[in-house]
Structure formats: C-alpha cells, structure tokens
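According to the working numbering, the sequence shown holds residues 4 to 200 in order.
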Amino acid sequence: MRITRRIQAVKLRHIGGLLVIFLLGMAAMRQAAWYVSQVSGGVAILDLNFGNNAAHINHTLAALGEAGRSAYLYVFLPIDTCYAAIYAVFYACTLAFFVRRLPLQRWQLSWARWIVVLPVVAAACDWWENVAFAFMLSQFPSLANPALVASATIATITKFILVYLSLLLVLGLVVYHMARWIATKYSSSNNDKYHHS
4 MRITRRIQAV
14 KLRHIGGLLV
24 IFLLGMAAMR
34 QAAWYVSQVS
44 GGVAILDLNF
54 GNNAAHINHT
64 LAALGEAGRS
74 AYLYVFLPID
84 TCYAAIYAVF
94 YACTLAFFVR
104 RLPLQRWQLS
114 WARWIVVLPV
124 VAAACDWWEN
134 VAFAFMLSQF
144 PSLANPALVA
154 SATIATITKF
164 ILVYLSLLLV
174 LGLVVYHMAR
184 WIATKYSSSN
194 NDKYHHS
C-alpha cells in the first residue's frame, strides 16, 4: 500500500530523472549484450529473441564457447536483472503519472490504475527468464531441460508483450495529454481574443 501511494505521488520531474536512468540502463544492457557477442565470436544472446526452442538454446550455448558463456552468466545476466527493475519502475511510475490525470470517473480510475502492474509483471518474467538461462549456462554441457526451456520461453514472450504494451500505453498517454494541453491553450487563446474584441 505504501509503495502504491509513492508511485501515485510521482511528479513530472521524477519522470525526467527516471527516464535518464532508464536510458542509461538500456545502454548498459545493450553494451553487455554486445560484449557477449564480441567474446563469443558474434553469437547473439538468447534474451533478445522472441522465444527460443530447445534446439536453438542448446546450439547457442555450445556456440558461445567458454568465454561467451562466462560473459553471459557473470556480465550480461546481472546487468539485465538490474535493467528489468529499472524499466519496471520507470514504466509503472510514468503510467501512474498520466493515468492519474485522465478525466475518468472514480470507479474507472480504480480499474485504470491496474495498468501500472503490467511492467512489474514484465520484469518478473524477465527475472525468471534470467534464472532459467543462468541455470542452463551453469549446467552446460548438459542439454537444457525441456520444462525449463518451456517456462523460459513463456516468460520471454510474456515479457516482450507486456514491455511493448507498456511502451505503447506510455506513448499513447503522452500524445493524449499533449493534445489536451494544446487544445486547452488554443481554446484559452481564442477566449482571450474574444474578450478583447
């Protein structure tokens, strides 16, 4: 309850600061993915695919080589785990900021506030995906467990859907509020002209 109140109390200046942290986190995650690719001879990481099957995972784990697997496990996954927390906070706070300012009835607003949960669920899926990949990496050269592969794939797909849905909601709310602000300014300007004429 206390966390929910803090999210709802977020201000525009907080969103600006969170945006900077979000972009830095994304840059760090991308840099870590690039590093894994460099030390493994160009092999792409599994996290950025929209789902992976067992054959592809086992092939990737072998192709990474020892240096690539080590970089994946000890460099990329810790950074990506932190990044998941960052984007969850950024999207949740940004959504809460704009949803709170929608012209909704009280009962509609109580339902609309649930959308702030979407990025948190996305981050939870991201964390489970990372745990699954960490286990697969640590168990190599054993083949990936089919049940673990299935759960990781579900987590990956859910993560991508919810992250992109959160992004689209943020962009949609930004456009909506900008349009309202412009319309209000235009209406106010016309009213001033009318009163002066």
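The C-beta atom is built at its ideal place from N, Cα and C for all residues, glycine as well. Computed from a predicted model, the values in this text were never measured in an experiment.
When you compare the CB positions of Arg72 and Phe163, do they come within less than 8 Å of one another, or not? For the purposes of this step, residue 72 is identified with residue 69 of the sequence shown, where counting begins at 1. For the purposes of this step, residue 163 is identified with residue 160 of the sequence shown, where counting begins at 1. Arg72 is not a Cβ neighbour of Phe163, given a cutoff of 8 Å.
Is the stretch 56 to 65 close to the stretch 90 to 99, with three or more CB pairs under 8 Å? Output reads no: the stretch 90 to 99 does not touch the stretch 56 to 65.
Only counting the same chain, and skipping five residues up and downstream in sequence, which positions put a Cβ closer than 7 Å to that of Phe79? Reading the sequence shown from its first residue, position 76 is the one you call residue 79. Excluding residues within five positions, the ones whose Cβ falls inside 7 Å are Ala35, Ala36, Val39, Ile48.
Below 6 Å CB to CB, which residues in the same chain sit around Tyr86 once its five sequence neighbours on both sides are set aside? If you number the sequence shown from 1, residue 86 lands on position 83. Gly28, Met32, listed in sequence order.
What separation, rounded to the nearest whole angstrom, lies between the Cα atoms of Thr187 and Asp129? For the purposes of this step, residue 187 is identified with residue 184 of the sequence shown, where counting begins at 1. For the purposes of this step, residue 129 is identified with residue 126 of the sequence shown, where counting begins at 1. Going by the C-alpha atoms only, they are around 41 Å apart.
Would you kindly check if the distance between the Cβ of Val124 and the Cβ of Leu165 is under 8 Å? Here residue 165 corresponds to residue number 162 of the sequence shown, with the count starting at 1. Here residue 124 corresponds to residue number 121 of the sequence shown, with the count starting at 1. In contact: Leu165 and Val124 (Cβ atoms closer than 8 Å).
Is Met32 near the ligand ATP, going by C-beta to nearest heavy atom under 7 Å? Absence of the ligand ATP from the depicted structure is noted, as is the absence of any ligand whatsoever, leaving it without description.
For Thr159, the nearest candidate out of Gly20, Gly19, Phe53, His180 (CA to CA): Position 156 of the sequence shown holds residue 159. The candidate whose alpha carbon is nearest that of Thr159 is Phe53.
At what residues does the alpha helix (DSSP H) containing Ala91 begin and finish? The residue given as residue 91 occupies position 88 in the sequence shown. Per DSSP, Ala91 belongs to the alpha helix (DSSP H) from 80 to 102.
Taking 8 Å as the cut-off, decide whether the C-beta atoms of Asn126 and Leu151 are in contact. What you label residue 126 is simply residue 123 of the sequence shown in a count that begins at 1. What you label residue 151 is simply residue 148 of the sequence shown in a count that begins at 1. Note that residue 126 is Ala in the sequence shown, not Asn. Result no, Cβ atoms of Ala126 and Leu151 do not sit closer than 8 Å.
Compute the Euclidean distance between the alpha carbons of Arg5 and Ser141, then round it to the nearest angstrom. For the purposes of this step, residue 5 is taken as residue 2 along the sequence shown, with counting starting at 1. For the purposes of this step, residue 141 is taken as residue 138 along the sequence shown, with counting starting at 1. Its pLDDT being 49, under 50, Arg5 is placed unreliably in this model, and the value from its coordinates should be taken loosely. So the alpha carbons of these two residues sit roughly 38 Å apart.
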